[in-house]
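Presented below is the structure to which this report refers.
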Amino acid sequence: MRDPLNAAFLGRLQSTFQEVREAYAESRNHIVVSRLVDLCVTDLSAVFLDVRKDALYTLATDDPMRRSTQAVLAYALEQLVFSWGAMLPFTADEVWLAAPWLRARAESLFLAAWPDSRVLAPTDAAEGAKRWESYLAVREAVYRALEPRRASKEFATFAEVSLTLAADGETLRVLESMDDESWRTLFLMSEVFHESVNGEGAALEKGAGPAQEPLGSGLGKLYVLAEKTAHARCERCWIHRDTVGKVEGQPTICQRCADALPRDFVPTS
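Every letter in the sequence shown is one number past the one before it in our numbering, and letter 269, counting from 1, is 269.
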């Protein structure tokens with residue numbers, strides 16, 4: 001699992017499913033429901049599915065990022081149907097029957113064995129879950145800083161934002177644990193750059209907003225500089241990119257989308 005965002009979320013998934021198994025073993029059903037609802041609502045629906053729909057919809061079928069995302073979601077679906085099976089038996093079994101690759105194992109969820117949820121070493125899963133939590137904390141801090149400007153119509157959506165982040169301490173280490181494109185994906189913005197507070201970067205020179213401490217007091221400051229992007233929007237993926245208008249024969253899409261299309265693709269007017 002090379003992609004840092006997918007790897008972190010996989011750690012979050014495994015940690016939750018292991019906790020659910022342990023709660024079932026101890027008949028703590030309220031813990032099962034609490035952890036699963038939190039995972040489905042807070043992490044899966046509100047974040048992961050939102051940020052990864054672009055990879056699923058626009059990348060080529062054999063693209064490593066798309067395949068990685070599909071693998072993570074397949075793992076999530078498999079473990080969720082078993083995890084919810086005792087609480088929502090009819091719904092879980094309907095989901096099982098609706099997924100051909102699951103139905104091929106057995107004619108019912110309740111005739112299949114619950115696979116081991118440990119696809120990562122426990123230490124790797126714990127570290128991934130911790131990174132995922134840190135990523136969401138940084139995301140929340142950025143959104144909190146920009147929401148008043150979005151509400152005032154300075155940006156129609158966050159997709160129009162070109163973002164530069166300056167940080168130090170543990171916050172900087174978190175930023176450096178993912179590449180800028182992964183951060184762009186997580187923030188759903190046009191482009192993202194990060195730099196050290198101690199460096200001579202754009203964020204502080206151009207007057208970034210007040211410092212935040214997204215990971216907690218004393219764990220590093222974060223400065224947020226947001227500007228409206230100058231890039232045009234790709235009509236295929238709807239991301240504002242600097243390559244839109246530069247693709248020969250396809251002036252309305254970005255280079256990434258052009259690379260994803262079949263070689264014999266002919267645009268229509």
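Cβ atoms here follow ideal geometry from the backbone N, Cα and C, with glycine treated the same way.
By the criterion of at least three beta-carbon pairs nearer than 8 Å, the segment 34 to 41 is not in contact with the segment 99 to 108.
Here DSSP, grouped into helix, strand and coil, assigns Thr157 to coil. For Arg52, same chain residues with a beta-carbon under 7 Å away, outside a window of 5 residues either side, are Thr69 in chain order. At a Cβ-Cβ threshold of 8 Å, Gln14 and Arg118 count as neighbours.
Thr171 and Lys221 do touch by the CB rule: their CB atoms are close to 7 Å apart, below 8 Å.
Taking a cut-off of 8 Å for Cβ pairs, the segment 179 to 196 and the segment 156 to 171 touch, as three or more such pairs fall below it. Around the beta carbon of Met178, a 10 Å sphere encloses 16 or more other beta carbons of the protein chains shown; the residue is thus reported as buried. Taking the CA atoms as reference points, Arg150 sits about 7 Å from Phe158. Comparing C-alpha distances from Thr243 to each of Arg256, Cys237, Gly249 shows the shortest one belongs to Arg256. Sequence-distant Cβ neighbours of Ala260 in its own chain, meaning closer than 8 Å and more than five residues away, are Thr58, Leu59, Ala60, Asp63. Here Ala113 is exposed, its C-beta having fewer than 16 other C-beta atoms within 10 Å. Straight through space, the alpha carbons of Thr91 and Ala99 are spaced by roughly 13 Å.
Here Pro148 is exposed: its Cβ has fewer than 16 other Cβ atoms, across all protein chains shown, within 10 Å.
Under DSSP, Arg173 forms no beta bridge with any residue. Taking 8 Å as the cut-off, the Cβ atoms of Pro4 and Ser152 do not count as close.
The beta carbon of Ala129 lies closer than 7 Å to those of Gly11, Arg12, Ser15 in the same chain, with the five residues before and after it left out. If you draw a straight line from the Cα of Gly249 to the Cα of Ala230, it is about 22 Å long. Within the same chain, Gly85, Pro89, Asp93 come within 8 Å of Phe110 by CB-CB distance, once the 5 residues on both sides are set aside.
Nearest to Lys246 by alpha-carbon distance, out of Trp238, Ala232, Cys237, is Ala232. Counting C-beta atoms within 10 angstroms of its own C-beta, Pro214 has 16 or more neighbours from the protein chains shown and is therefore classed as buried. When rounded, the separation of the alpha-carbon atoms in Leu56 and Phe17 is 24 Å. In this structure, DSSP gives Thr185 a helical state, which the three-state scheme calls helix. For Lys221, there is no enclosing alpha helix (DSSP H), as DSSP marks it with neither H nor E. With a threshold of 16 other beta carbon atoms within 10 Å, Val174 meets it and is buried. Measuring C-alpha to C-alpha distances from Glu140 to each of Val224, Ser83, Glu176 identifies Val224 as the nearest. For Phe193, the uninterrupted beta strand (DSSP E) run begins and ends at 191 to 196, by DSSP. A Cβ-Cβ distance of about 13 Å is found for the pair Leu44 and Ala8, leaving them out of contact under the 8 Å criterion. Pro122 is not a Cβ neighbour of Glu78, given a cutoff of 8 Å.
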